[in-house]
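Residue numbers in the sequence shown follow the numbering used here, run continuously in steps of one, and reach 678 at the last position. For each residue, glycine too, the CB sits at the ideal point set by N, CA and C. As the structure is a prediction and not an experimental result, all values here were calculated from the model.
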Amino acid sequence: MSDQKNTDEFPRRRFVALSGTVGGAALLTGAGVMAGTTATADAAHGGPAPTPSCSTTPPPGGASPCPPSQLQPLCGSPNDDDLLWNDVKYCTQGITPPPSQGKPDCLKVTPNYVVLHGSPETTHNYLLLPSCRITGIECPFIHMDSAANYWHEAWENARHGGSVPVQYASIGLGINSQHARRYQQLHIHMAGIRPSTQRRLQELEAQGRMATQPSQWAAPGNQAPVSGPAGSGDRVYRILKLQDLQQNPFTLLYRNVVVPNSLNMADQTLIVVPKMTAAGFFAGSFYVLNSDTSLHDGTSTCDYLLVYG
């Protein structure tokens with residue numbers, strides 16, 4: 370699903386964005402934890418999972434509590450009416466969406482996240498969404514130490530041999546900024562990446578034009594242009610190479626790029642590209658790309674690099 374709507378980039382959709390984020394991290398201090406959802410079995414193609422019970426204890430597998438109620442002005446309320454959040458509630462709680470909205474295929478349901486089809490529906494276009502109510506990248510909870518690492522979960526599902534594999538030569542995981550997305554529930558796109566993008570990133574690595582430590586990520590020498598679809602031109606990204614996704618990319622972005630440069634987390638796009646061998650196998654490391662419109666030729670959307678259709 371491409372949910373990009375910025376009229377300066379892909380002028381296809383328009384919506385009224387939710388308000389920005391100010392001082393959200395401070396609200397977490399001393400805050401109680403909302404009850405999180407637990408214990409649903411995987412569900413595939415056809416029907417809601419059993420209604421989960423509630424618990425403040427993080428479920429197994431690295432899952433986390435949900436954002437505290439104090440963060441609802443920034444992260445959303447469980448009572449919000451949003452298409453993707455309605456899909457999550459159907460898959461995790463059996464709550465039927467409004468009449469104007471069809472029931473989704475719940476491709477995978479866990480206590481911590483669900484996986485759905487993207488749009489257009491292809492074998493290389495899926496979405497991973499938290500079971501918690503989290504509007505998007507502007508929610509300060511996602512980069513706290515207690516937050517789930519949804520990127521690691523997305524890769525474990527999208528990889529070849531994963532639960533919902535992306536059937537494409539190269540895989541890309543991406544999230545749009547607050548103002549470049551259409552829907553107001555956090556969702557990581559699990560999609561394809563063009564061969565030219567994979568080649569370009571490996572060329573930049575060979576040239577030493579990317580960070581190898583998170584603390585170097587925002588340095589000008591680690592910023593480089595990467596081409597999008599034919600005719601769309603290049604966009605500039607900050608590029609970091611990671612050996613694994615054990616560290617939450619949201620946290621790395623916030624601490625090493627956003628805070629030191631006085632940027633707004635809500636404005637960021639983030640893309641993870643697994644490095645592949647010439648034979649099409651995972652090469653054991655990841656390229657993590659970030660951009661925003663504060664960069665010359667920067668972008669607020671992941672849609673230039675991901676292949677959905």
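Asked                                                                                                                                                                                 : Found
If distances are taken between C-alpha atoms only, which option among Gly-505, Thr-670 and Gln-582 comes closest to Arg-624?                                                          : Gln-582
CB Gln-547 to CB Asp-636, shorter than 9 Å?                                                                                                                                           : yes
Using a threshold of 9 Å, state whether the C-beta atoms of Thr-638 and Asn-659 are closer than that.                                                                                 : yes
In chain order, what residues of the same chain have a beta carbon less than 7 Å from the beta carbon of Ser-654, not counting five sequence neighbours either side?                  : Lys-610, Leu-611, Gln-612 and Lys-644
How many Å lie between Val-559 and Leu-496 at the Cα?                                                                                                                                 : The amino acid at residue 559 is misidentified as Val; the sequence shows Met. Roughly 6 Å separates the two Cα atoms.
Taking the runs of the beta strand (DSSP E) that are 3 residues or longer, which of them lie wholly in the stretch 422–481?                                                           : 422–424
Restricting to Cα atoms, I'd like to know which of His-556, Gln-615, Pro-473 and Thr-662 is closest to Cys-508.                                                                       : His-556
Going by C-alpha to C-alpha distance, which of Gln-554, Tyr-673 and Cys-671 sits closest to Asp-450?                                                                                  : Gln-554
For Pro-473 and Ala-588, what's the separation of their Cα atoms in angstroms?                                                                                                        : 42 Å
Taking only the alpha-carbon atoms, compute the straight-line gap between Gly-577 and Leu-570 and give it to the nearest angstrom.                                                    : 11 Å
From which residue to which residue does the beta strand (DSSP E) around Gln-592 run?                                                                                                 : 592–596
Would you check whether the ligand NAD has a heavy atom nearer than 8 Å to the C-beta of Ser-532?                                                                                     : Ligands displayed in this structure: none; no statement on the ligand NAD is therefore possible.
Could you name the residues of the same chain whose beta carbon sits closer than 7 Å to that of Pro-447, not counting the 5 residues immediately before and after it, in chain order? : Arg-502
From Gln-536 to Ser-565, what distance separates their C-alpha atoms?                                                                                                                 : 17 Å
Tell me whether the beta-carbon of Tyr-519 lies closer than 9 Å to the beta-carbon of Pro-598.                                                                                        : no
From Thr-670, Gly-678 and Leu-675, pick the residue whose C-alpha is nearest to that of Asn-545; which is it?                                                                         : Thr-670
Reducing DSSP to helix, strand and coil, say where Pro-534 ends up.                                                                                                                   : coil
Rounding to the nearest angstrom, what Cα-Cα distance links Tyr-606 and Gln-585 in this structure?                                                                                    : 13 Å
Assign Pro-618 to one of three DSSP states: helix, strand, or coil.                                                                                                                   : helix
Where do the ends of the beta strand (DSSP E) carrying Pro-564 lie?                                                                                                                   : No beta strand (DSSP E) contains Pro-564, which is instead part of the alpha helix (DSSP H) from 564–575.
Roughly how many angstroms separate the alpha carbons of Gln-592 and Ile-540, rounded to a whole number?                                                                              : 21 Å
Looking only at C-alpha atoms, which of Lys-458, His-486 and Gly-505 sits nearest to Gln-441?                                                                                         : Gly-505
Which runs of the beta strand (DSSP E) fall wholly inside the stretch 483–516 and span at least 3 residues, in chain order?                                                           : 494–499
Out of Pro-534, Val-627 and Pro-489, state which residue places its alpha-carbon closest to the alpha-carbon of Thr-662.                                                              : Val-627
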